[in-house]
Amino acid sequence: MTRVLVVDDEPQIVRALAINLKARGYDVDTAGDGTAALTAAADRHPDVVLLDLGLPDIDGVEVIKGLRGWTRIPIIVLSARHASAEKVAALDAGADDYVTKPFGMDELLARLRAAVRRAVPEEEAPVVVTDSFTVDLAAKRVSRDGADVRLTPTEWHLLEVLVRHAGRLVSQRALLQEVWGPQYGTETNYLRVYMAQLRRKLEHDPSHPRHLLTEPGMGYRFEG
Numbered sequence: 012m013t014r015v016l017v018v019d020d021e022p023q024i025v026r027a028l029a030i031n032l033k034a035r036g037y038d039v040d041t042a043g044d045g046t047a048a049l050t051a052a053a054d055r056h057p058d059v060v061l062l063d064l065g066l067p068d069i070d071g072v073e074v075i076k077g078l079r080g081w082t083r084i085p086i087i088v089l090s091a092r093h094a095s096a097e098k099v100a101a102l103d104a105g106a107d108d109y110v111t112k113p114f115g116m117d118e119l120l121a122r123l124r125a126a127v128r129r130a131v132p133e134e135e136a137p138v139v140v141t142d143s144f145t146v147d148l149a150a151k152r153v154s155r156d157g158a159d160v161r162l163t164p165t166e167w168h169l170l171e172v173l174v175r176h177a178g179r180l181v182s183q184r185a186l187l188q189e190v191w192g193p194q195y196g197t198e199t200n201y202l203r204v205y206m207a208q209l210r211r212k213l214e215h216d217p218s219h220p221r222h223l224l225t226e227p228g229m230g231y232r233f234e235g
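Numbering of the sequence shown is given in this note's numbering, commencing with residue 12 and proceeding in unit increments.
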């Protein structure tokens, strides 16, 4: 069954979409702001996201960027913004389609079906096992001592990039641009903060890491 995440701060729209989608056999999760949307996406792993741009806390374009930091699931923007620049910004950030409010339910459902059909399953990825933790790249899960470790989307993306380049140095600039976006490249404090968080969650001795290694002034490296 296809799982849809509906993100909108207008309760009546959320309710109408949820009723129509459930009536057609979809599983539906909802979020009323960008923060809740990112959390729900990480927790529930929807197959498609319907996203309003005008959210009360984080602009929808930033939510798209946040999702695209770790997932390729289809994102259909629902917005009352008619300016072409707004549409271009959303599509450039990684949205797959753009529907302008008000919209017909039949059209939206057709676009949703098309987006799901076009979605390409992520390639099979290995399970990487260390003496401290296990990373299942395909399932996007990390476990330690038999229990799942909860990572934020940013923490996961950072770990995923390093694990996929196991044994190789990944430069600070490459990591920043891969995880945060092409406009980033010098904000090395981001890396220090998030690497410290990952080490606290995954390494037996975070102050003397064995797997998430720093190459001073150059970048980071994962050793299995």
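Note that beta-carbon positions come from the ideal geometry of N, C-alpha and C, so glycine has one too.
Whole-number beta carbon distance between residue j and residue i, since they are thought to touch under 8 Å
| i | j | result |
| --- | --- | --- |
| A8 | L78 | Since the displayed the chain opens at 12 and closes at 235, residue 8 lies outside it and no answer follows. |
| L123 | V59 | 6 Å |
| G192 | K76 | 6 Å |
| R221 | E214 | 7 Å |
| L209 | V174 | Not a contact, Cβ separation roughly 11 Å. |
| V127 | T199 | Actually they do not touch by this definition, with Cβ atoms about 39 Å apart. |
Exposed unless 16 or more other CB atoms sit within 10 angstroms - verdict on residue i
| i | result |
| --- | --- |
| Q183 | buried |
| R26 | exposed |
| E135 | Reliability fails at E135, whose pLDDT of 46 lies under 50, so the model's placement of it is uncertain and the value that follows must be treated cautiously. So E135 ends up on the exposed side. |
| A121 | exposed |
| I84 | buried |
| A48 | buried |
| P227 | exposed |
Best match in the options for proximity to residue i [C-alpha to C-alpha]
| i | options | result |
| --- | --- | --- |
| G43 | V138, T225, V17 and A207 | V17 |
| T163 | V190, P137, D107 and T145 | V190 |
| K212 | A177, R179, A158 and Q194 | A158 |
| D20 | L64, M12, A34 and S154 | L64 |
| T165 | W81, S154, Q23 and Q194 | W81 |
| L32 | T46, V15 and G45 | V15 |
| P57 | L186, V39 and L66 | V39 |
| A104 | Q194, L180 and V153 | Q194 |
| S143 | T46, G36, M12 and E234 | E234 |
| L169 | L223, P137 and T41 | L223 |
| G178 | P67, R155 and G230 | G230 |
| R129 | P113, D107, A185 and G115 | D107 |
| A207 | T225, T111 and E171 | T225 |
Any C-beta of chain D under 9 Å from that of residue i
| i | result |
| --- | --- |
| R152 | Judged by its chain identifiers, the structure shown contains no chain D, having just a single protein chain. |
Stretch-stretch touch, CB-based, cutoff 8 Å, three pairs: the segment 81-88 with the segment 61-72: yes
Quick one: complete beta strand (DSSP E) runs, 3+ long, within the segment 76-100? 86-90
Could you give the uninterrupted runs of the alpha helix (DSSP H) lying entirely in the segment 150-197, keeping only those of 4 residues or more? 164-175 and 183-190
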